[in-house]
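From first to last, the protein sequence lines stand for chains A and B. Letter by letter, the first sequence follows residues 0 to 303 in numbering that gives the first Met the number 0. Letter by letter, the second sequence follows residues 0 to 264 in numbering that gives the first Met the number 0. Written below as structure tokens is the structure these notes are about.
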Amino acid sequence: MSASFEQSAKLADTTLPKAATRSRLTPRLKGKWLALLCLLPFALFFIVFQIAPLLWVAVNSLHSAEGWGLANFAKIFASKFYLQAIKHSLQIAFWSSLLGMAIAILGSYSLRQVDSKLRDFVMAFSNMTSNFAGVPLAFAFIILLGFNGALTLLLKQMGLIESFNLYSKTGLIVLYTYFQIPLGVLLLYPAFDALRQDWRESAALLGAGTWDFWRHIGLPVLTPALLGTFVILLANALGAYATVYYLTTGNFNLMPIRIAGLVSGDISLDPNLASALAMILVGLMALITLVHQLLLKRSQHVSR
Amino acid sequence: MSLANRAPAALYHRMVVWLLFLILLLPLAGTLLYSLSTSWSASILPDGLTFKWYLALWSDARFLNAFGQSLLVCFGALLLAVLLILPLLFVVHYHFPKLDALMNILILLPFAVPPVVSSVGLLQLYGSGPLAMTGTPWILLGCYFTIALPFMYRAITNNLQAINLPDLMDAAHLLGASSLQAALLVVLPNLRKGLMVSLFLSFSFLFGEFVFANMLVGTRYETLQVYLNNMRNSSGHFNSALVISYFFFVLIFTWAAGRLNKDKA
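Shown next as structure tokens:
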């Protein structure tokens, strides 16, 4: 149906160029004002629920009891407590992204090599588990890896571990890694499209072993995709709040937990300090993205 | 590569894929087993199996209430998102294609700004004053719209580019349709599938949203996730049944989206 539409449109363009453009122009110009009006509700909602809160946070991060200035930021960077939150957030985000990506790389590369039935099934399952996050995920991990979790007991009986504390930094890294895997697979699986099978064969013909192939061809080709995925995983982990909140009832010292505590906790409410901490969190994400862009430019430059 | 060389490689890849599946399955399988067991503590396997936790859950008035409220908020937010995003997409792609570049930057905001950060501003701005909405489900509708926005915008944009919007509109105009008629009767039916897929997937992640629901509204309009959080001190078996019931719904919606997507290809 659309093919016949296209044909008639083309016909009109070639046979009646002047008439067609003239008749198209007037309703289009009139329509433009109407069209702008249609954008209004969207703009209104977007400003109210996205732009305005962010602006409030940005402006109020510069405001404190002493007036305008950088007092909030100075307070955060002078406090061991807040610095620890930043450090923990970065450490957990970094290690969980690295581990999650390593598993996702191995997984999605192997996914490409197995028969389509198994592949489709595991891909579909992985996509579904990407929605298994937040509070339900934390709950599932308590059952599995809590102090009396089934897996903890099993591993203890096998003598593989002495004990496992899910509520520690290591525990959180394991938990975060789990929710990074489906996202990593989702993002990396298409990236392997860039690696053509015949390159591998050509390299082998020229005498390259598996290691040489990955060192000189595979990894350089995949680098932009790997960097991009890593950045998204980092941002994903930095902003995560629900999982750790449920797991430790807000007792583990992470940036999102501190931010939420400063606006909705029972002890010390300080929305301006929360704003400053929030700006640091957003700033860290922006910095990561910036570094990513720079690295991407460099790797493109090299490949040319 | 010789055949003898290939067999171990194939076996290796199968093993890796099954291992990946196992890792992803483990927390779910554990929760499922826990929800079906009579009691399970300090042993590797449960003592016995039962359905009583599901019966208890699905006859609990507070759970049913939270479940209904979750559905209501999600469907409401998706309806709002469709009403706001469809005209936007149409106008951007038909009248102002240059705006698409700006939109692609704007829709990064909900990704780049974690809900915890937005909540700080939202709590202060709408806690009182003319737009006082914290503590009511209305604020969730708006917030969930921003969460669904990047996703729906990208999915439907891909669909719009595939149907060649300007040609389709010009053809409809030539045949005497007004712009509104053309948009509703010609373009919209062509977008149905992309729209449905993005709605199903958006639902499955909005249904699991916790941060906004807990920080902005809390117990005053309890959604499923907030209910699960507030029940943290009740029986673990009961909570497992809750988690599995929740995930079952998500499963249905992601599965439906996957089916629709496959039909399209």
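Quick reminder that beta carbons are idealized off the backbone N, C-alpha and C, glycines included.
Local conformation of residue i per DSSP, three classes
i: residue 67(A); result: strand
i: residue 118(B); result: helix
i: residue 40(B); result: coil
i: residue 8(A); result: Below a pLDDT of 50, predicted positions are generally treated as unreliable, and residue 8(A), at 43, falls in that range; the measurement from the model is reported next regardless. Looking at residue 8(A) - three-state DSSP - the assignment turns out to be helix.
i: residue 48(B); result: strand
i: residue 233(B); result: coil
i: residue 157(A); result: coil
i: residue 250(A); result: coil
i: residue 143(B); result: helix
i: residue 15(A); result: Unreliable placement is indicated for residue 15(A), whose pLDDT of 43 sits below 50; the coordinate value is still reported in the next sentence. Looking at residue 15(A) - three-state DSSP - the assignment turns out to be coil, as it is neither helix nor strand.
i: residue 106(B); result: coil
i: residue 310(A); result: Past the boundaries of the shown model lies residue 310(A); chain A is included only from 0 to 303, so the question cannot be answered.
i: residue 21(A); result: Bear in mind that a pLDDT of 47 at residue 21(A), under 50, signals an unreliable position, so the number given afterwards is only what the model happens to contain. Residue 21(A): helix per DSSP, three-state reduction.
i: residue 257(B); result: helix
i: residue 97(B); result: coil
i: residue 76(A); result: helix
i: residue 0(A); result: Confidence in residue 0(A) is poor, its pLDDT being 39 and thus under 50, which makes the residue's placement unreliable; the coordinate value appears in the next sentence. Three-state DSSP puts residue 0(A) in coil, outside helix and strand.
i: residue 112(B); result: coil
i: residue 156(B); result: helix
i: residue 14(B); result: helix
i: residue 278(A); result: helix
i: residue 42(A); result: helix
i: residue 33(A); result: helix
i: residue 228(B); result: helix
i: residue 28(B); result: helix
Bounding residues of the alpha helix (DSSP H) (the contiguous stretch that carries residue i)
i: residue 200(A); result: 196-204
i: residue 139(A); result: 133-144
i: residue 211(A); result: 209-212
i: residue 99(A); result: 79-112
i: residue 214(B); result: No alpha helix (DSSP H) holds residue 214(B); DSSP gives it neither H nor E.
i: residue 81(B); result: 60-93
i: residue 189(A); result: Counting along the chain, residue 189(A) falls outside any alpha helix (DSSP H), and DSSP gives it neither H nor E.
i: residue 121(A); result: 115-128
i: residue 172(B); result: 164-173
i: residue 268(B); result: What is shown of chain B runs 0 to 264, which leaves residue 268(B) out entirely.
i: residue 182(B); result: That residue, residue 182(B), is in no alpha helix (DSSP H); it is neither H nor E in DSSP.
i: residue 48(A); result: Here residue 48(A) belongs to no alpha helix (DSSP H), and DSSP marks it neither H nor E.
i: residue 235(A); result: 218-238
Residue of the options minimising C-alpha distance to residue i
i: residue 235(B); options: 139(A), 127(A), 104(A) and 38(A); result: 139(A)
i: residue 68(B); options: 194(B), 208(B), 95(B) and 25(B); result: 208(B)
i: residue 81(A); options: 285(A), 256(A) and 114(A); result: 256(A)
i: residue 216(B); options: 34(B), 249(B) and 118(B); result: 118(B)
i: residue 172(A); options: 113(A), 100(A) and 284(A); result: 100(A)
i: residue 188(A); options: 154(A), 105(A) and 268(A); result: 105(A)
i: residue 164(B); options: 134(B), 210(B), 88(B) and 201(B); result: 88(B)
i: residue 138(B); options: 122(B), 151(B), 150(B) and 149(B); result: 122(B)
i: residue 251(B); options: 232(B), 11(B), 202(B) and 211(B); result: 202(B)
i: residue 86(A); options: 271(A), 253(A) and 272(A); result: 253(A)
i: residue 98(A); options: 239(A), 176(A) and 280(A); result: 176(A)
i: residue 126(B); options: 276(A), 270(A) and 297(A); result: 270(A)
i: residue 36(A); options: 86(B), 185(B), 178(B) and 237(B); result: 86(B)
i: residue 226(A); options: 148(A), 289(A) and 57(A); result: 289(A)
i: residue 281(A); options: 76(A), 57(A) and 42(A); result: 57(A)
i: residue 63(A); options: 287(A), 268(A), 292(A) and 291(A); result: 268(A)
i: residue 40(A); options: 260(B), 54(B) and 83(B); result: 83(B)
i: residue 119(A); options: 206(B), 101(B) and 20(B); result: 20(B)
C-beta atoms of residue i and residue j nearer than 9 Å
i: residue 223(A); j: residue 295(A); result: yes
i: residue 120(B); j: residue 132(B); result: no
i: residue 44(A); j: residue 79(B); result: yes
i: residue 146(B); j: residue 114(B); result: yes
i: residue 51(A); j: residue 71(B); result: no
i: residue 255(B); j: residue 199(B); result: yes
i: residue 165(A); j: residue 26(B); result: no
i: residue 253(B); j: residue 127(A); result: yes
i: residue 53(A); j: residue 116(B); result: yes
i: residue 152(B); j: residue 106(B); result: yes
i: residue 284(A); j: residue 111(B); result: yes
i: residue 183(A); j: residue 78(A); result: no
i: residue 246(A); j: residue 261(A); result: no
i: residue 91(A); j: residue 168(A); result: yes
i: residue 45(B); j: residue 56(B); result: no
i: residue 35(B); j: residue 23(B); result: no
i: residue 154(B); j: residue 196(B); result: yes
i: residue 130(B); j: residue 47(A); result: yes
i: residue 190(B); j: residue 148(B); result: no
Per DSSP, the bridge partner or partners of residue i
i: residue 62(A); result: 67(A)
Cβ-heavy atom distance, residue i to the ligand FMN, below 8 Å
i: residue 133(B); result: No copy of the ligand FMN appears in this structure; indeed no ligand is present at all.
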